[in-house]
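According to this note's numbering, the sequence shown holds residues 491 to 746 in order. Every residue, glycine too, gets a C-beta built ideally from N, C-alpha and C. Predicted, not measured: the structure shown is a model, and the values here were computed from it.
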Amino acid sequence: MEKERKLIVAGNWKMNKTVAEALDLVKGLKLELNNLKDIDVVVCPPFTALSEVSKEVIDGDIRLGCQNMSEHSGGAYTGEISAIMLKEFLVRYVILGHSERRQYQEESDELINTKTKAALAASLKPIVCVGETLEQREADETEAIIGKQVRGCLAGLENSQMEEVILAYEPVWAIGTGKTATAEQAQAVHAFIRSVLVELFDEATAKRVRIQYGGSVKPNNARELLGQPDIDGALVGGAALEVRSFSDIVKNCLDD
Ligand code: 13P
Numbered sequence: 491m492e493k494e495r496k497l498i499v500a501g502n503w504k505m506n507k508t509v510a511e512a513l514d515l516v517k518g519l520k521l522e523l524n525n526l527k528d529i530d531v532v533v534c535p536p537f538t539a540l541s542e543v544s545k546e547v548i549d550g551d552i553r554l555g556c557q558n559m560s561e562h563s564g565g566a567y568t569g570e571i572s573a574i575m576l577k578e579f580l581v582r583y584v585i586l587g588h589s590e591r592r593q594y595q596e597e598s599d600e601l602i603n604t605k606t607k608a609a610l611a612a613s614l615k616p617i618v619c620v621g622e623t624l625e626q627r628e629a630d631e632t633e634a635i636i637g638k639q640v641r642g643c644l645a646g647l648e649n650s651q652m653e654e655v656i657l658a659y660e661p662v663w664a665i666g667t668g669k670t671a672t673a674e675q676a677q678a679v680h681a682f683i684r685s686v687l688v689e690l691f692d693e694a695t696a697k698r699v700r701i702q703y704g705g706s707v708k709p710n711n712a713r714e715l716l717g718q719p720d721i722d723g724a725l726v727g728g729a730a731l732e733v734r735s736f737s738d739i740v741k742n743c744l745d746d
């Protein structure tokens, strides 16, 4: 698949997998996915499995990410995990502002902005998630909501910092529901996000930023979605939990 930007497919394992299960999965992925020159493949296990999964991926092409981090660098924040602790396990990516955290932990765009800056300061690549609910889409508010989230989460970043950020468009109504946005619906929002990036940064920066789509990505729809001009990868939930489905998603995006 000829693309302007290098594709990035990441698996968000959410609150799934014991250490033993995580090792089974990553070992299976290592057998299926190697020589990944044209695509970045990232797995984001739960914190408890990072240490062991890290040892498995250290010598291969699969990269390690995690699902959240504290905006603070250390201190009296019970239950939190800082960027420097994550870097001990060679974590390179951190998912920030996932809609489940926005919903259940009430994370705001402002907090996600602070976390994004903390991640960048520690040389972690943030995967910043945005997305509208079904009610918002039906009320024709998609662009207003996405525009607000993008502006809020990225406020105050330098152009050079923005190039390290990955955005993920995840319509809330498509997450875990089996209802994927059509390729046209997703492309329209991705193009809109890129137009906001031109306004906030500049044309050249906006062209370099990778925007993933997430929400019921499966082996049978990944290729069409990632074939769209402004869709530069996928953030995969359910289908990232099995070797077969995740490796098929990656392979289906590569084969010509
Ligand atoms: P599903 O692929 O299970 O819909 O989840 C998407 C997601 O939330 C990835 O972050």
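As assigned by DSSP and simplified to three states, the class of residue i
i	result
G518	helix
V584	strand
K747	Summary: the structure shown does not reach residue 747, with the chain confined to residues 491 through 746, and so no result is reported for it.
Y703	strand
R553	strand
V655	coil
D599	helix
L458	In the structure displayed, the chain extends from 491 to 746; residue 458 sits before or after that span and is not available.
P709	helix
D738	helix
G642	helix
E524	Checking the displayed sequence, the identity of residue 524 turns out to be Asn instead of Glu. If DSSP states are grouped into helix, strand and coil, N524 belongs with coil.
N502	strand
P497	Per the sequence presented here, residue 497 reads as Leu, with Pro not at that position. Three-state result, L497: strand.
I683	helix
K507	coil
I548	coil
I529	strand
Where residue i falls, given that 16 or more other Cβ within 10 Å makes a residue buried
i	result
R627	buried
G723	buried
Q593	exposed
E590	buried
V688	exposed
E660	buried
N525	exposed
A694	exposed
N558	buried
I636	buried
E674	exposed
G555	buried
N596	Residue identity check: residue 596 is Glu in the sequence provided, not Asn. That one is exposed.
G727	buried
R720	The question names Arg, but residue 720 in the sequence shown is Asp. Buried.
I574	exposed
G666	exposed
K697	exposed
T672	exposed
Residue-level contact to chain C via CB, residue i, 8 Å cutoff
i	result
F579	Reference to chain C is not applicable here, since this structure consists of a single protein chain.
Per the contact definition of three or more C-beta pairs closer than 8 Å, is the region 567-581 in contact with the region 545-556?
yes
How about the region 506-520 and the region 727-736: do they share at least three Cβ pairs that are nearer than 8 Å?
yes
Would you check if the region 633-648 and the region 563-573 touch, i.e. whether three or more CB-CB distances between them fall below 8 Å?
The region 563-573 vs the region 633-648: no contact.
Below 8 Å, how does it come out for the region 526-545 and the region 500-514: are there three or more Cβ pairs, yes or no?
yes
Three or more C-beta pairs below 8 Å linking the region 610-630 and the region 506-514
no
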